[in-house]
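Mind the numbering: the sequence shown is residues 307 to 590 in this note's numbering, read in order. All residues carry an ideal CB built from backbone N, CA and C; glycine is no exception. No experiment lies behind these values; they were computed from the predicted model shown. Okay, structure first, notes after.
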Amino acid sequence: MKAILAIVYISILLLLIVAHIFPSVHAQANQDKPVIPVFGDPKGIQDRPESFPEKIQFLATDAYPPFVFRDATGRLTGFNVDLSRAICLELGSSCSLRIKEFDALVPALEEGEGDAIISGLGPSTALSDTVQFSPDYLKLPARFIVRRDGASTFDENALAGVRISVAAGSRHEAFALKFFPSALLQSYQTATEARKAVKDGTADAHFGDGLSLAFWLNSETSQDCCSFSGGPWLEPGYFDTGLSIAVRKQDIERAEAIEYALRLLVQKGTFRELYLRYFPLSFY
């Protein structure tokens with residue numbers, strides 16, 4: 307769980323269907339519009355639950371923009387904050403958000419201090435006896451970035467001799483070692499160093515976390531040097547674990563209601579609106 311939160315910190319219809327994207331990801335075929343990630347079948351039928359909870363008290367950790375953070379006035383804001391409100395609005399449930407340290411979130415849920423965790427968690431077998439997870443509401447794909455002057459010639463299917471920078475010890479390094487054997491892999495101690503290698507021309511491309519890269523590309527640090535190319539990559543076992551909402555194992559009512567609300571938010575376009583609000587440069 308900490309690994310997933312760290313990825314979040316360092317920084318549903320897809321527009322493009324590419325060979326390495328799997329059937330669980332669907333796409334809209336209009337490349338002139340922003341890419342909005344939706345997982346599962348947005349048109350799938352799900353029965354309306356027999357009852358909705360009167361309240362949902364969400365648990366989260368702040369200081370993790372753009373998901374949960376405090377603005378200049380100290381007010382809680384962020385993608386997860388607005389998503390939780392939208393869920394409650396769909397269900398007609400009263401809604402609140404309690405802030406906890408990350409390590410205290412699961413104990414607080416188990417002890418009844420809150421009803422649902424919305425704070426960068428992904429499904430965990432270690433918690434399967436006490437916690438159940440909603441379907442992912444956001445996945446974290448891997449992406450390539452290249453210098454803008456080389457974007458037109460970069461081909462992710464022809465990597466022989468291509469210098470690819472990765473963060474040492476990362477899932478991206480492990481994946482590249484296995485699936486890009488003909489590339490010239492360059493491992494750096496941090497993702498920051500690996501990105502800088504592309505900016506400086508020491509590497510031809512960087513393979514890393516799409517979310518973090520989207521914010522870097524939009525920052526002054528990148529100096530508009532680079533752009534996404536190829537992808538996104540969502541291979542099972544590497545990049546298929548995303549962000550979901552956790553509730554107590556026995557809390558069937560809230561689990562069903564939250565899943566139902568998430569589906570409605572996609573179908574009504576609310577999820578799209580929230581995604582574009584907080585991720586103006588799509589990482590898909």
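Nearest to Thr367 by alpha-carbon distance, out of Arg391, Arg404, Gly516 and Pro487, is Arg404. At a Cβ-Cβ threshold of 7 Å, Ala422 and Phe485 do not count as neighbours. When beta bridges are read from the DSSP output, Leu395 appears opposite no residue. For Val553, the uninterrupted beta strand (DSSP E) segment begins and ends at Ser550 to Arg554. In this structure Ala448 is in contact with Gly514, their Cβ atoms being roughly 7 Å apart against a cut-off of 8 Å.
In this structure, Lys445 and Asp546 form a Cβ contact; the two beta carbons are roughly 7 Å apart against a cut-off of 8 Å. Within its own chain, the residues whose Cβ lies closer than 6 Å to the Cβ of Phe460, once the five positions on either side in sequence are excluded, are Val452 and Ser535, listed in chain order. Below 8 Å, too few C-beta pairs join the segment 576-584 and the segment 469-478 to call them touching: fewer than three. For Phe589, same chain residues with a beta-carbon under 6 Å away, outside a window of 5 residues either side, are Gly516, Leu517 and Ala520 in chain order.
Counting only runs of 3+ residues, the beta strand (DSSP E) found wholly inside the segment 405-492 occupies 422-427, 437-439, 448-453 and 469-473, in chain order.
Looking at Ile342, Asn524 and Ser357, the one whose alpha-carbon comes closest to that of Ala567 is Ser357. Judged by DSSP in its simplified three-state form, Lys361 adopts strand. Around the beta-carbon of Asp442, 16 or more other beta-carbon atoms lie within 10 Å, marking it buried. Restricting attention to Leu571, Ala480, Arg376 and Asp530, the CA atom closest to the CA of Glu541 is found in Ala480.
Secondary structure within the segment 504-567: the beta strand (DSSP E) runs of 3 or more consecutive residues, fully enclosed, are 511-515, 532-539 and 550-554 (chain order). Per DSSP, reduced to three states, the secondary structure at Phe385 is helical.
Assigned with DSSP and collapsed to three states, Leu403 falls in strand.
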